[in-house]
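S.K.: This is the structure, below, for whatever I ask next.
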Amino acid sequence: MAGVIPIIFAISIILFPPMIAQFFVGNEGFLGRAAIGTINLFQNQLFYGVMYFTLVFGFTYFYTAVIFNPEKIAENLQRQGGFIPGIRPGKQTEEYLQQTMTRIVFIGA
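Under numbering that gives the first Met the number 0, the letters of the sequence shown match residues 0 to 108, in that order.
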């Protein structure tokens, strides 16, 4: 449901610190050492992979929660005469969709 937007956000955030650090590599003292340390840290495949996974997971979870509107879906189902078996149309459908979305997105993110 979230598409590629969370991936774009994650890669943008991951690439930002090393890009900024490149400007300070030539400096003497703490700033230069911090820049080199930042660049080396982000070149570590394990760190990069864990950060990338964490950011994509987080952005997918929250982006889907923002764009998914169970109230509108429940309203459309009711208007079209559709229903979820065992769930009453309206508010109960909305609550069911919200609970289901929360569980599914956690696994699917």
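We treat Cβ as the ideally placed atom computed from N, Cα and C, and that holds for glycine. Since the model is a prediction, treat every value here as computed from it, not as a measurement.
#1: Nearest-angstrom Cα distance between residue 63 and residue 90?
#2: Helix, strand or coil for residue 75? Go by DSSP, reduced to three states.
#3: Considering Cα atoms alone, identify which of 76, 60, 2, 46 is closest to residue 13.
#4: Residue 48 lies in the alpha helix (DSSP H); which residues open and close that run?
#5: Just mark residue 110 as buried or exposed, buried being the case when its beta carbon has 16 or more other beta carbons within 10 Å.
#6: Are the Cβ atoms of residue 23 and residue 31 separated by less than 8 Å?
#7: Residue 70 by DSSP, collapsed to three states: which one?
#8: Among 27, 56, 26, 18, which has the Cα closest to the Cα of residue 42?
#9: Determine the burial state of residue 65: buried for a count of at least 16 other Cβ atoms within 10 Å of its Cβ, exposed for fewer.
#10: Cβ atoms of residue 53 and residue 5: under 8 Å apart, would you say?
#11: Give the secondary structure of residue 31 by DSSP, where H, G and I count as helix, E and B as strand, and everything else as coil.
M.R.: The short version:
#1: 20 Å
#2: helix
#3: 46
#4: 44-66
#5: Lying before the first or after the last residue shown, residue 110 is absent from the chain, which here runs from 0 to 108.
#6: yes
#7: helix
#8: 18
#9: exposed
#10: no
#11: helix
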